[in-house]
Structure formats: C-alpha cells, structure tokens
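Numbering (the UniProt record's numbering), first residue to last: 1 to 253. All residues carry an ideal CB built from backbone N, CA and C; glycine is no exception. Only a predicted model underlies this, so the values are computations on that prediction, with no experimental measurement involved. Worksheet for the structure shown next.
Here it is as structure tokens:
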C-alpha cells in the first residue's frame, strides 16, 4: 500500500459489481474513503461488506439529476470533502439493428450520457481544487461490436464532451479524464455480449477478443482499478482531458 489516496473521499456510481467494485477496493487499499452507489440496497450492503472499512453505500439512480445532486452534496456534508467522482454506472440494453426499441434507446442515453453529464455538473462545485472526475468509457468508443451501436455512440460522445468540459473547468484545478477499458471478464461483459449476439456466441466472442489482443488475454477488473487510482491521485496532476485505453494494446492493432 502506497497510500496515494490517503484522506481523499470518492464517489463511485455503479460501484457494487465488476469494474466499479474493483475500483472501490483499490481506492480503499490506497487510503481513500469510498461511497458506492446502486439502485438496490441488498447489492450495496454486500458490496460494503466485501470492500471493507472506509466504504459506504448509497442508493441513487445515476440517471436522476435530483438524486445524484442530493447524494454528492450529502457526501460532502458527511465527510467534509469530495476529491474524486468516478462515473461508472451503466445501462446495457444492447440489441442489433432492427430490434432496437425506443425504450432501450432512452434508457441507454438516460443513464450512460445524461446521467454522466449531470453527475459531472453537480460534482464540479463540490470537488476540492485538485479533484478528479473519471468517466468510465470503453474501447467500444472506437470499435463497437455488432449489436452495440447505441453503447458505442455514447462512449464515443464522451471524448467530445470531455474536450469541451475541461475548458469549462479551466482554473478550477479539477481534472476530467476518460478511462476506457477493453474487454474485462465481468458479469456485465457477459450480459452485454448475450444481449448483443446471443448466449451461444458469448464465449466465442470473449475467446476471439483474447486471441486478437497483443496481451494474449482479456483484462482483470483490478487492473482497471489501479489505473483509476492513478487518475485520481497526485501522480496524474498534469493529465487532463485524455481518453486512456486500458486494453492490453488491442486498440493499437
């Protein structure tokens, strides 16, 4: 433990499973207090037990402007500071062209784009002057698989949004970056592939991604968590507005 986040307070949306949970564990290991959000109290309770001391759960809908605004203000009031916000909550309503519904589209945009933007807007006046906002993107921003057109479009939109937001945030000291994982073996990856391509194709797609990767494998969620620690720490104090791909080199080939 290097304690690179000692004394810092972070909010991680969708922090009860997969990449969000892994980020929370790494933050706590580095000395931070973390507040993880989810829709279900049972999931929050289990995540807090798993993460351990210095972790807290809060029910909040990432697509609700009012709920996220109230949550962030409560965290600042309860803990005296807010140092990092990791926008990780995601809706994964995937479908191939011809089967996409308006309901799926609205849910994806509501959580994955609107929710992220307004979480950032609510967080900005509350963050410390050396605060960090991290959007969890995806290599789908540049190479979305079949059946994931809405998801890919939204993740690609992060790049343009952040390029503008860092100009709005000039002189605040707050940095805004995108952490874009490649394929990571999580339950959400399996669900996404099943929805996009069918249950009979999910395993084959995972194996294909691993074979194409220069690393020869798909990622582990802890590896994403360690990069998130870097982006939230003083070690990345001059890193601002980037999309950092953590994908074993797959994007480069």
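- In this structure, the straight-line span from the alpha carbon of residue 199 to that of residue 192 is close to 10 Å.
- The shortest CA-to-CA distance from residue 77 to any of 123, 92, 226 and 176 is the one to 123.
- In this structure residue 127 is buried. Its beta-carbon is surrounded by 16 or more other beta-carbon atoms within 10 angstroms.
- Residue pairing by DSSP puts residue 33 in a beta bridge opposite 9.
- Remark: three or more beta-carbon pairs, one from each stretch, lie closer than 8 Å, so the stretch 108-115 and the stretch 146-166 are flagged as touching.
- With a cutoff of 9 Å on beta-carbon distance, residue 35 and residue 52 are scored as not near each other.
- Annotation for residue 179: the continuous beta strand (DSSP E) segment containing it runs 175-181.
- Scanning 102, 86 and 72 for the CA closest to the CA of residue 80 turns up 72.
- Comparing C-alpha distances from residue 195 to each of 27, 96, 22 and 47 shows the shortest one belongs to 96.
- Nearest in C-alpha terms to residue 30, of all of 140, 7, 15 and 44, is 7.
- Between residue 13 and residue 188 the beta-carbon gap is near 14 Å, outside 8 Å, which marks them as no contact.
- Distance check between residue 20 and each of 249, 220, 242 and 169 places 220 closest, using alpha-carbon atoms only.
- Within the same chain, Cβ atoms closer than 6 Å to the Cβ of residue 230 are found at 236, the five residues on either side in sequence being excluded.
- Residues 59 of the same chain have their beta carbon placed closer than 7 Å to that of residue 41, with the five preceding and five following residues left out of the count.
- Residue 134 sits away from residue 183, with the two beta carbons spaced by 9 Å or more.
- With contacts defined as CB atoms closer than 9 Å, residue 224 and residue 165 fail to qualify as a contacting pair.
- Assigned with DSSP and collapsed to three states, residue 59 falls in strand.
- Excluding sequence positions up to five before and after residue 38, its CB lies within less than 6 Å of the CB of 16 and 44, all in the same chain and listed in chain order.
- If you look at residue 67, you'll find it in the alpha helix (DSSP H) that goes 65-79.
- According to the DSSP assignment, residue 208 belongs to the alpha helix (DSSP H) that extends over 199-212.
- Taking 9 Å as the cut-off, the Cβ atoms of residue 88 and residue 136 count as close.
- Residue 62 has its alpha-carbon roughly 19 Å from the corresponding atom of residue 9.
- As summarised for the stretch 106-142, the continuous beta strand (DSSP E) elements at least 3 residues long and confined to that stretch are 132-136, given in chain order.
- Secondary structure of residue 93 (DSSP, three-state): coil.
- Counting along the chain, the unbroken alpha helix (DSSP H) around residue 227 starts and ends at 221-232.
- It is roughly 9 Å from the alpha-carbon of residue 93 to the alpha-carbon of residue 100.
- Of all alpha-carbon atoms in 125, 130, 159 and 131, the one lying nearest the alpha-carbon of residue 141 is that of 159.
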